[in-house]
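Q: Chains as they are written, first to last, in this note's numbering: chain A, 1 to 394; chain B, 395 to 972. Cβ coordinates follow ideal geometry from the N, Cα and C atoms, glycine included. For clarity, every value in this text was computed on a predicted model and none was experimentally measured. Input: one structure, supplied below.
This is the structure:
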């Protein structure tokens, strides 16, 4: 959203097309060939126009203490309107025809950015420099379209779970599903709770959001957002005589991750006989009622592993030491003997450690698009790396 | 000075000329690789649009939208279980258990995938209104009739699955009010009108066998009538079709001599095929090669069996037992086939390395064409080894699907290896076949005609099934004790005649997507399906325990919640009790 990359260049035309996969048919009964057919591929909108965004910013740039301290502070807000959105059309018009993108939605992003740099000498030979960056971000979809309060054409599925809903009043790519209050402990609790299909002791108990005493599709709700509230980075370095040292850390705070890999590892019936997490040894049983992992069983239904719910949503905040480098520049007298201008040896490490509470493989989960990210399907984690090197200038 | 004036004038003229020489339309670039509406008004364009309408019959990769109805008709009807692992394609689990939710993806897929067919048929009819001069009047009539036949077929699928859904035709589209069409109109008269037009205007034979002909339309019209219990009108049509019907390639309607040959790709478009989905292998896209059945094969067969994946659509215990025959070769119409004494012996709970002798009692030979069971040769591959070919026996039972799979001799030529699984074939799926017609005609005779004429139709079916040349053989002799005979004593009681005809439909047409819809139109879905669920749960408690068919609710699927949210509850009224 917020740019026209996702809008098809043919948006203004109503088109038909031929496709071997979508519209051909072996009308002659040859069993080995298929005749070409033409089907409507796109309904056009000749009135589509550019999106508009208005950015407001008030900031402060300052240098203090004789250049030792620099501060850049910005308060900003970006309102985007006339966002091009493919308004869904009724299935009766033929779902293979791409609906036109229409200028209709509104989104707002606002935040505060701060950058503080300080540098100086601790002693005559020891210099330091530190740069801190930080940003607060709030993203919200203000309006989708009259009568529609969420982006209906973005509903990716992950083995039957559909965790994303881009809804009015929430950030893009927000997670959506049932709120898990806990696990049913006894059969009486099941009986006295609102009617929930598949309910049994040890299975999820969902919250009755609309209070009608029945758990169904109307009880789904917002369960988290993958957009970090606060991002920060710190870059610092020291120089002492020929040595130089630098390190860079960054952190993301306040974002949630939808850990879809738990569908595979914490539930038996998902793929019976496949690899399972050690966590299931602490799953619920009548003698282990304080568990958070539901009862380990073969049933696959509404109260077990078929619905998107808050069990999969985890805090994705993390801090990662991205890079740390130590180098040494050989002193000039030695270099002159070797006829070199500069010789530096260094050792560096990448991604040395990550501090996080997240239980999946790597909290740095990306995604396909801005409207659909933050879902961990067991992405291969980022690896540590060590480098040693030599820079030589003759 | 002179030069300046001259240069200045020339420059001015050039600049003015350039600024007015090009129009805005110079910046308009037409899209490439696509076709605009206007180009489709020629004969080639219209025929192509019609091909696209046929093309949607198999769902185009959307397994739930195909007319094969393996989930909607056969799993719900008790012919088969989902099979595989519980968590695999788990969206089918609530369907099998009658716990349908309005938000389910498979229900939405059936709805939207079928409406794509409606939209394509409507496209053809709307394009015909601006047809180019190279389209003759005769062409126009034929193309209209074929498009209306297809539209009626797609609406028939929607009506039987969902009840009343919005009726859109070629006069309404995006921008002219399609989103305001309500679902308050009965679809049956519209479906009848389209089939009637097709019946009156289609030729008796067609150049291409995949096209619908007059007799396919007549048959489908009669089927539409019998679904509304209009037996008298249906009987007239059935009599005409049985007497005069021809396939699109000119063969008189008849029964294929050997039952298994109905489901052989090398025998496609046989005399029993009234209207079929034409599938083709190695065309460049597996969407042409029976994509809706790609999961319905035995599991882990390796090079010794078809498919290798994925273990879906496992025939049910109840269906297996239904094939038991008594000493006279007749089925057990009193329902006693599920008793312990009569139930077919299975290898449930036995590994393939443990010894097992197949059932030795009297069986209808169609069992081994409909169900893959241990110890019996599986087509031309090998004897079915039992649990080794079953993905998850506790979840799906011991049986494998057998109709519409492929032969070892089909590999490579009539089977398409170009995708993730070998389970793509060229075998046609018969939406209507002649045996179905004889049985529907028998139903009409039972209700308002001659009981013994009905018996005659049923006996034609049973005679074909009893053809010894059609038995599955092992080492030269029949693979099991096949004992089947015709109904020789005259039928005198309407109720028992009705039961016999209905049971014959179950035996003949199992696994072909009919059972659930038949039970609903006979108004016996609730007792039959609850009895089925109770029985089958004793073997498959994990998959089925607690499931129940609710009268007045589960006869219809709910309209997809997404469509109701989109159009509003004033436009789409949800089905009762959802």
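For a contact meaning CB atoms closer than 7 Å, what does residue 672 of chain B contact in chain A?
A: 25, 26, 27 and 29
Q: Below 8 Å on C-beta distance, what does residue 40 of chain A contact in chain B?
A: 513, 514 and 517
Q: Does the beta carbon of residue 226 of chain A come closer than 8 Å to any beta carbon on chain B?
A: no
Q: Taking contact to mean 3 or more Cβ pairs, one atom from each stretch, closer than 8 Å, check whether the stretch 195-212 of chain A and the stretch 409-416 of chain B are in contact.
A: no
Q: Kindly provide the ranges of any beta strand (DSSP E) runs that are 3 or more residues long and lie completely inside the stretch 118-186 of chain A, ordered along the chain.
A: 126-143, 175-177 and 180-183
Q: Run down chain B in chain order and give the residues with a C-beta less than 7 Å from the C-beta of residue 36 of chain A.
A: 442 and 445
Q: Just to confirm, are residue 907 of chain B and residue 468 of chain B a CB contact at a threshold of 8 Å?
A: The answer is yes: Cβ separation under 8 Å.
Q: Counting contacts by CB-CB distance shorter than 8 Å, is residue 90 of chain A in contact with chain B?
A: yes
Q: So, for residue 666 of chain B: in the same chain, excluding its five sequence neighbours on each side, which residues have a beta-carbon less than 8 Å away from its beta-carbon?
A: Taken in chain order, the residues that qualify are 647, 648, 649, 650, 656, 824, 827, 828 and 829.
Q: Following the continuous beta strand (DSSP E) through residue 707 of chain B, name the residue where it begins and the one where it ends.
A: 706-709
Q: Going by DSSP, which residues form a beta bridge with residue 929 of chain B?
A: Residue 929 of chain B is not bridged to any residue.
Q: Which residues mark the beginning and the end of the beta strand (DSSP E) in which residue 339 of chain A is found?
A: From DSSP, residue 339 of chain A is part of no beta strand (DSSP E); its letter is neither H nor E.
Q: Over the uninterrupted beta strand (DSSP E) stretch that includes residue 667 of chain B, give me the two end residues.
A: Its beta strand (DSSP E) spans residues 667-671.
Q: Does residue 17 of chain A get closer than 8 Å to chain B when you measure Cβ to Cβ?
A: yes
Q: Mind checking the stretch 551-583 of chain B against chain A and listing, in chain order, the residues whose C-beta falls within less than 7 Å of any C-beta there?
A: Those would be 560, 562, 567, 568, 572, 573 and 575, in chain order.
Q: How would you write the range of the beta strand (DSSP E) that residue 229 of chain A sits in, first residue to last?
A: No beta strand (DSSP E) holds residue 229 of chain A; DSSP gives it neither H nor E.
Q: Can you tell which of B/786, B/881 and B/624 has its C-alpha closest to the C-alpha of residue 745 of chain B?
A: B/786
Q: For residue 192 of chain A, name the three-state secondary structure that DSSP assigns.
A: In the three-state DSSP reduction, residue 192 of chain A falls in the helix class (H, G or I).
Q: Which whole-angstrom value is the C-beta distance of residue 706 of chain B and residue 478 of chain B, which I expect to be below 8 Å?
A: Cβ-Cβ separation between residue 706 of chain B and residue 478 of chain B: approximately 5 Å, consistent with a contact (criterion under 8 Å).
Q: So with CB distances below 8 Å, who are the chain B contacts of residue 400 of chain A?
A: Residue 400 of chain A is absent from the model: chain A starts at 1 and stops at 394.
Q: Between the alpha carbons of residue 341 of chain A and residue 134 of chain A, how many angstroms are there, rounded?
A: 39 Å
Q: I'd like the span of the beta strand (DSSP E) that includes residue 324 of chain A, first residue to last.
A: 318-329
Q: Can you give me the C-alpha to C-alpha distance between residue 161 of chain A and residue 206 of chain A, rounded to a whole angstrom?
A: 15 Å
Q: Which bits of chain B does residue 197 of chain A rub up against, with CB to CB less than 7 Å?
A: 493
Q: With DSSP as the reference, label residue 882 of chain B as helix, strand or coil.
A: The three-state reading of DSSP puts residue 882 of chain B in coil, since its state is none of H, G, I, E or B.
Q: Measuring straight from C-alpha to C-alpha, what distance separates residue 281 of chain A and residue 263 of chain A?
A: 16 Å
Q: Determine whether the Cβ of residue 158 of chain A lies closer than 8 Å to any Cβ atom of chain B.
A: no
Q: Can you pull out the residues from the stretch 153-179 of chain A whose beta carbon lies closer than 9 Å to at least one beta carbon of chain B?
A: For chain B, the residues of the stretch 153-179 of chain A that bring a beta carbon within less than 9 Å of one of its beta carbons are 155, 157, 159, 160 and 162, in chain order.
Q: Run down chain A in chain order and give the residues with a C-beta less than 9 Å from the C-beta of residue 497 of chain B.
A: 162, 216, 217 and 220
Q: With a floor of 3 residues, list each beta strand (DSSP E) that falls wholly inside the stretch 698-758 of chain B, ordered by position along the chain.
A: Under the rule that a run must span 3 or more residues, the beta strand (DSSP E) segments found entirely inside the stretch 698-758 of chain B read 706-709.
Q: DSSP three-state call for residue 772 of chain B: helix, strand or coil?
A: Strand, per DSSP.
Q: Looking at chain B, is there any beta carbon in it that lies within less than 8 Å of the beta carbon of residue 236 of chain A?
A: no
Q: Kindly list the residues whose CB is nearer than 7 Å to the CB of residue 793 of chain B, restricted to its own chain and excluding five residues on each side of it in sequence; keep chain order.
A: 708, 709, 714, 765, 766 and 767
Q: Pull up the DSSP beta-bridge partners for residue 285 of chain A, would you.
A: A/288
Q: Within the same chain, show all residues whose beta-carbon is closer than 8 Å to that of residue 591 of chain B, passing over the 5 residues directly before and after it, in chain order.
A: 538, 539 and 542
Q: Which residues of the stretch 943-958 of chain B have a Cβ closer than 7 Å to any Cβ of chain A? Give them in chain order.
A: The stretch 943-958 of chain B vs chain A, Cβ under 7 Å: 955, 956 and 957.
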